[in-house]
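Q:
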Amino acid sequence: MFSELLFFLPALIIAITIHEFAHAWMADRLGDPTPQLQGRLSLNPLKHLDPIGTLMLLFFRFGWGKPVEFDPYNLRHPRRDAALISLAGPAVNLILATALSLVLKFSGSPLFSIFLYPVILININLAIFNLLPVPPLDGTKILYGILPADWADEYNDFMGRYGTILLILLIIPIGGSSLAINLIMPVINGITKLLLYS
């Protein structure tokens with residue numbers, strides 16, 4: 001258990017930090033200074049770790065960082081830009097996982113494997129879990145941004161009322177595994193197989 005934590009904890013910190021930094025960077029690029037004013041445009045892990053989300057990732061392999069706040073009134077296209085800000089986190093996790101898998105393949109070093117394998121796995125897990133369209137996960141704003149306006153408003157209202165309940169239902173283990181795991185593991189396994197074993 002200790003040896004596993006020794007490798008997964010740094011991987012966890014890296015994944016969460018770049019995920020949340022990507023949100024902050026995208027918001028800043030789209031014209032909202034809020035993340036910068038709150039100190040989130042930083043690669044300092046302490047700025048981005050959420051206690052509950054980090055523990056979830058550590059023990060269950062899925063979770064979240066401290067959400068990056070942004071002001072939609074500072075964005076030219078609020079719904080579209082909010083979706084782009086939300087997409088930036090999972091996208092960067094998948095880009096890093098892909099890049100590191102290429103390093104792993106071409107290096108052929110067992111030592112690299114020991115350090116890079118956990119980083120790749122955690123980044124894949126964090127990205128896919130956060131694409132679920134339930135608050136506070138990134139998939140919520142991504143889906144809100146791509147739905148037709150009237151559907152988006154209904155979806156936003158529904159999630160405002162029932163989002164917390166849905167999240168609890170997703171992550172509570174029932175019969176040995178949670179609904180979230182059952183939903184995302186086929187995708188995670190597929191991406192892992194593609195990046196590491198193809």
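For the record, in the sequence shown the residue sitting at position 76 is 76 according to full-length UniProt numbering, with numbers rising by one throughout.
All C-beta atoms, glycine included, are put in the ideal place defined by N, C-alpha and C.
All values reported here derive from a predicted model rather than from experimental measurement.
1. DSSP three-state label for Ile-172, please.
2. With DSSP as the reference, identify every bridge partner of Ser-177, one or two as the case may be.
3. Can you tell me where the alpha helix (DSSP H) with Arg-79 in it begins and where it stops?
4. Trp-25: buried (16+ other C-beta within 10 angstroms of its C-beta) or exposed?
5. From His-77 to Gly-139, what distance separates their C-alpha atoms?
6. Evaluate the contact criterion for the segment 22 to 42 versus the segment 97 to 106: three or more CB pairs, one atom per stretch, below 8 Å.
7. Could you give the residue range of the alpha helix (DSSP H) that holds Ser-113?
8. Measuring alpha carbon to alpha carbon, tell me which of Asp-50, Phe-60, Gln-36 and His-48 ends up nearest Ile-172.
9. For a quick check, are the C-beta atoms of Leu-75 and Leu-30 less than 8 Å apart?
10. When the Cα of Ala-127 is compared with those of Ile-168, Phe-115, Glu-20 and Ser-107, which residue comes out closest?
11. List the endpoints of the continuous alpha helix (DSSP H) containing Leu-137.
12. Give me the Cβ distance between His-48 and Ile-16, rounded to the nearest whole Å; I'm assuming they're in contact under 8 Å.
13. Can you grab the Cα-Cα spacing for the pair Gln-38 / Asp-32, in whole Å?
14. In three-state DSSP terms, what is Phe-70?
15. Helix, strand or coil for Leu-183, going by three-state DSSP, please let me know.
16. Could you check where the alpha helix (DSSP H) with Gln-36 kicks off and where it finishes?
17. In three-state terms, what does DSSP make of Gly-160?
18. Would the segment 178 to 187 and the segment 118 to 132 be scored as touching if the rule is three or more Cβ pairs under 8 Å?
19. What are the complete alpha helix (DSSP H) segments, minimum 4 residues, inside the segment 8 to 53?
A: Straight from the coordinates:
1. coil
2. Ile-174
3. 78 to 107
4. buried
5. 18 Å
6. no
7. 110 to 130
8. Phe-60
9. yes
10. Glu-20
11. Run containing Leu-137: none; DSSP gives neither H nor E here.
12. 6 Å
13. 11 Å
14. coil
15. helix
16. 34 to 37
17. helix
18. yes
19. 34 to 37
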